[in-house]
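Engineer:
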Amino acid sequence: MFKDKHKSDMPSFASGETIIAQGVRVEGEFHSQGDVVIDGEVAGSVETQSALTVGESAKIHADVKAKSAVVAGEVVGNIFTEEMLELLATSHVKGDIVTGRISVAAGAQVNGKVSMGEEGKGGKVKKVDEEEIIT
Amino acid sequence: MYCYLYDEYIQENKRFERELLKIENRLTDLGIAGKVTRLALFRDAEEMIRDEIDRGVSTIVVVGNDETVRKVIDVVADNEVVLGIIPIGPNNELARMMGIPDGVAACDVLSARRVEKIDVGTVNGRRFVTGLSMPNFHAEITCEDKFRVTSVARQAELEIRNLADVTDPRDGQFEAVIRAAVKKGWGIFGKTSLKESVLPLKSMAIRSEKPISLFVDGEEMKSTRFDIGIEPLLLRVITGKARVF
Chain V
1 MFKDKHKSDM
11 PSFASGETII
21 AQGVRVEGEF
31 HSQGDVVIDG
41 EVAGSVETQS
51 ALTVGESAKI
61 HADVKAKSAV
71 VAGEVVGNIF
81 TEEMLELLAT
91 SHVKGDIVTG
101 RISVAAGAQV
111 NGKVSMGEEG
121 KGGKVKKVDE
131 EEIIT
Chain A
1 MYCYLYDEYI
11 QENKRFEREL
21 LKIENRLTDL
31 GIAGKVTRLA
41 LFRDAEEMIR
51 DEIDRGVSTI
61 VVVGNDETVR
71 KVIDVVADNE
81 VVLGIIPIGP
91 NNELARMMGI
101 PDGVAACDVL
111 SARRVEKIDV
121 GTVNGRRFVT
131 GLSMPNFHAE
141 ITCEDKFRVT
151 SVARQAELEI
161 RNLADVTDPR
171 DGQFEAVIRA
181 AVKKGWGIFG
191 KTSLKESVLP
201 LKSMAIRSEK
211 PISLFVDGEE
221 MKSTRFDIGI
231 EPLLLRVITG
241 KARVF
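Residue numbers (the working numbering), protein chains in the order written: chain V, 1 to 135; chain A, 1 to 245.
1) Give me the chain A residues within the contact set of isoleucine 20(V), using Cβ-Cβ distance strictly less than 7 Å, ordered along the chain.
2) Buried or exposed for alanine 66(V), going by 16 or more other Cβ atoms inside 10 Å?
3) Hey, out of Ala51(V), Ala105(V) and Ser45(V), whose CA is closest to glutamine 33(V)'s CA?
4) Buried or exposed: where does threonine 53(V) fall if 16 or more other Cβ atoms within 10 Å of its Cβ makes it buried?
5) Could you confirm whether any beta carbon from chain A is found closer than 7 Å to the beta carbon of glycine 139(V)?
6) Exposed or buried, which one is phenylalanine 2(V) when buried takes at least 16 other CB atoms within 10 Å?
7) Given 8 Å as the limit, is there contact between the segment 103-120 of chain A and the segment 33-52 of chain A, that is, 3 or more CB pairs closer than that?
8) Only counting the same chain, and skipping five residues up and downstream in sequence, which positions put a Cβ closer than 7 Å to that of alanine 136(V)?
9) Is DSSP giving glutamate 132(V) helix, strand or coil here?
10) Give every residue of the same chain whose Cβ lies closer than 6 Å to the Cβ of lysine 183(A), excluding the five residues on either side of it in the sequence, and list them in chain order.
11) Tell me the rounded alpha-carbon separation between isoleucine 134(V) and glutamate 86(V).
12) Going by DSSP, what residue range makes up the beta strand (DSSP E) through methionine 98(A)?
13) Would you check if the distance between the CB atom of valine 64(V) and the CB atom of valine 46(V) is smaller than 7 Å?
14) Among residues of its own chain, excluding the 5 on either side of valine 216(A), which ones have a beta-carbon nearer than 7 Å to its beta-carbon?
15) Tell me which residues share the same chain as glutamate 19(A) and place their Cβ nearer than 8 Å to its Cβ, disregarding the 5 neighbours each side in the sequence.
16) From glycine 114(V) to alanine 89(V), what does the alpha carbon distance come to, in whole angstroms?
17) Quick check on leucine 21(A): does DSSP put it in helix, strand or coil?
18) Which class does isoleucine 230(A) belong to by DSSP, given the choice of helix, strand or coil?
19) Taking only beta-carbon atoms, is valine 114(V) less than 7 Å away from chain A?
20) Since I believe serine 197(A) is in contact with isoleucine 20(V) (beta carbons under 8 Å), could you give me their beta-carbon distance rounded to a whole number of angstroms?
21) Quick check: is the beta carbon of phenylalanine 245(A) nearer than 7 Å to any beta carbon in chain V?
22) Roughly how many whole angstroms lie between the Cα atoms of glycine 64(A) and tyrosine 6(A)?
23) Compare the C-beta of methionine 10(V) against all C-beta atoms of chain A and say whether one is closer than 7 Å.
24) For the structure I just gave you, are there three or more beta carbon pairs, one from the segment 149-162 of chain A and one from the segment 132-141 of chain A, closer than 8 Å?
25) If you pair each beta-carbon of the segment 101-113 of chain V with each one of the segment 31-46 of chain A, do three or more pairs fall below 8 Å?
26) Compare the C-beta of glutamate 29(V) against all C-beta atoms of chain A and say whether one is closer than 7 Å.
27) Quick check on DSSP: helix, strand or coil for aspartate 168(A)?
28) Excluding five sequence neighbours on each side, which residues of the same chain lie with their C-beta closer than 6 Å to the C-beta of lysine 71(A)?
29) Between Arg114(A), Gly218(A), Ile188(A) and Gly187(A), which lies nearest to isoleucine 160(A) when the distance is taken from Cα to Cα?
30) First and last residue of the beta strand (DSSP E) that includes valine 75(A)?
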């Protein structure tokens, strides 16, 4: 069924890294301590204490919490990142965002409230003082 | 005190006679010769080893292959003795990953006695060292009682890795790897590629309505439910410098 020639196409990964690739669906409370890469489908909640990468083919219907995140796919749910959130041109986000810093590429779609800086660090939005968008 | 456990296939096959003689001579030269116990069709390997441990043996050296190790893994892990391997013949993947060379060269690795503690996996109460595989994966996985994982691809295979070239068998967890065949494009222009998902876990359960096959260190098990876990740093093994972890 699977030949060796496919192995060269596979991504190399560091130990402890979680990869949810295309062709796989995850449902429930997905919590991790290491880096997480999502290219497949996730429903429920996603939480990691490290970096999260959401690939172009990813479909996430969940609240997302991470130290930092790069999003290129679809996220329907709130995003909370302690440090940097990078929304690439192909990203679609439907939900509120709370983050330390943000970078939004031209073409990225965001439908929701964005809260940033010190106010956002606690995970709750009290008051939006400043909104910084770097493109 | 060392005890050497010769597998049945080594005694039956004449082509290993000369190699065995060389090994025995080298072990004597190195001062680590010990009692030789031979496996046979109606002799229980676990009982034989338990008797030797009662007599004061602290190191069990398997002279054979992965299958020989599988026969003794439970009793070795339960009794906190050290496991050594002298690989002979084919099917010696475990020894390779532990950095133990084939045949007589393994004696020097034994003599150097670099002991490492490694994790041991369990499936339905049965232990495994390297991993499990499910070539035709169409079941549901429940991971650590928190989330479920399913394959949405037509074809997929599942592999559980404890000791492999890319995993550390001392980290207290195993890796569940799902390889799904995903088609991109339409009709005859579509190309299928393998996408690999990797989940580091401490426990998982596989459930299916129909009985499914799971290969444990190469041996087949059939069931509708498999409970997989890990026993951290349970097994003490002698490893070589060329080990993969």
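We treat Cβ as the ideally placed atom computed from N, Cα and C, and that holds for glycine.
Structural biologist: With the given structure in hand:
1) Ser197
2) buried
3) Ala51(V)
4) buried
5) Lying before the first or after the last residue shown, residue 139(V) is absent from chain V, which here runs from 1 to 135.
6) At phenylalanine 2(V) the pLDDT is 44, less than 50, meaning the model places this residue with poor confidence; the figure from the coordinates comes in the next sentence. With fewer than 16 Cβ atoms within 10 Å of its Cβ, phenylalanine 2(V) is classed as exposed.
7) no
8) Summary: the structure shown does not reach residue 136(V), with chain V confined to residues 1 through 135, and so no result is reported for it.
9) Summary for glutamate 132(V): the model assigns pLDDT 42, below 50, so the residue's position carries little reliability, and this model does not support an answer.
10) Gly190 and Thr192
11) Note on isoleucine 134(V): pLDDT 44, under 50, position unreliable in the model; the coordinate value appears next. Rounded to whole angstroms, isoleucine 134(V) to glutamate 86(V) spans 10 Å at the Cα level.
12) Methionine 98(A) -> no beta strand (DSSP E), and no H or E assigned at all.
13) yes
14) Val123, Arg126, Phe128 and Leu132
15) Ile88, Gly103 and Val104
16) Reading off the sequence shown, one finds valine at residue 114(V), where the question assumed glycine. Approximately 17 Å, taken between the alpha carbons.
17) helix
18) strand
19) no
20) 5 Å
21) no
22) 6 Å
23) Its pLDDT being 38, under 50, methionine 10(V) is placed unreliably in this model, and the coordinates cannot settle the point.
24) yes
25) no
26) yes
27) coil
28) Ala45
29) Gly218(A)
30) No beta strand (DSSP E) holds valine 75(A); the alpha helix (DSSP H) holding it covers 66-78.
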